[in-house]
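Using our numbering, the first residue of the sequence shown is number 151, and each one after it goes up by one.
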Amino acid sequence: MSERMIRLATVEDAGRMNEIYNTVIVDSHVSFDTEPWTTDQRRAWLLDRLSDGYPVLVAEQSEGVVGLAWSGPWRGKAAYRSSVETTVVLDPECVGVGIGTDLLSVLVDTLADEGFHRAYAIVALPNDASVAVHRKLGYTEIGVLDESGFKNGKFVSTMILEKRLG
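Structure representation (structure tokens):
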């Protein structure tokens with residue numbers, strides 16, 4: 151395995167980030183987006199996240215970017231400003247080798263350092279690997295929203311996990 155680096159995403163990463171995310175949109179139930187994004191949409195999204203103070207990270211190995219993790223507003227109302235939603239997405243060829251753990255670990259440390267109080271993850275079920283990574287890093291299950299989404303012709307339930315950051 152090549153050496154891995156976790157770093158802040160840049161606009162130059164938008165194309166590869168988009169390739170990874172669009173694969174998840176098209177080939178799985180774990181993203182509730184149903185249409186692939188354009189690279190221009192990804193660039194604009196990235197700039198918005200960063201300018202609003204929400205970290206976006208990438209995992210990079212010798213072959214390039216292989217995963218991404220980001221934070222964003224939780225529920226979009228002012229009183230929730232101290233809480234964030236976290237997401238990790240990996241290149242499907244790179245699952246199961248610790249990249250998700252590394253990304254999420256750096257992300258939650260960064261969020262804690264920046265003064266956020268709580269992090270929430272919404273995991274589409276089934277996704278045993280994602281649930282395990284979140285639990286490994288101290289997230290606890292808050293509950294399950296039964297059949298809260300509909301994708302690829304099936305209802306999909308989601309688990310809400312929470313981590314105290316500070």
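Backbone N, C-alpha and C define an ideal beta-carbon position, used for all residues, glycine too.
Just so we're clear, the structure is a prediction, and the values are computed from it rather than from any experiment.
Pairwise C-alpha distance: residue 299 and residue 174: Their backbone Cα atoms lie some 16 Å apart in a straight line.
Extent of the continuous alpha helix (DSSP H) to which residue 173 belongs: Residues 164-177.
Through-space distance from residue 236 to residue 210, alpha-carbon basis: Each residue's CA atom was taken as its position, placing residue 210 and residue 236 some 19 Å apart.
Cβ-based neighbour list, residue 165, same chain, cut-off 7 Å, excluding 5 preceding and 5 following: Counting only Cβ-Cβ distances below 7 Å, and skipping sequence neighbours, we find 189.
Nearest-angstrom beta carbon gap, residue 234 and residue 223 [assumed within contact, 8 Å]: Residue 234 and residue 223 do touch by the CB rule: their CB atoms are close to 7 Å apart, below 8 Å.
Three-state class that DSSP yields for residue 245 in the structure shown: For residue 245, the three-state secondary structure derived from DSSP is coil.
Complete beta strand (DSSP E) runs within the stretch 225-271 (minimum length 3 residues, chain order): Counting only runs of 3 or more, we get 233-240.
Distance between residue 308 and residue 256 (C-alpha atoms, nearest Å): About 24 Å.
Those residues which DSSP pairs with residue 295 across a bridge: Paired residues: 308.
Spatial distance of residue 159 from residue 315 (CA atoms): Taking the CA atoms as reference points, residue 159 sits about 22 Å from residue 315.
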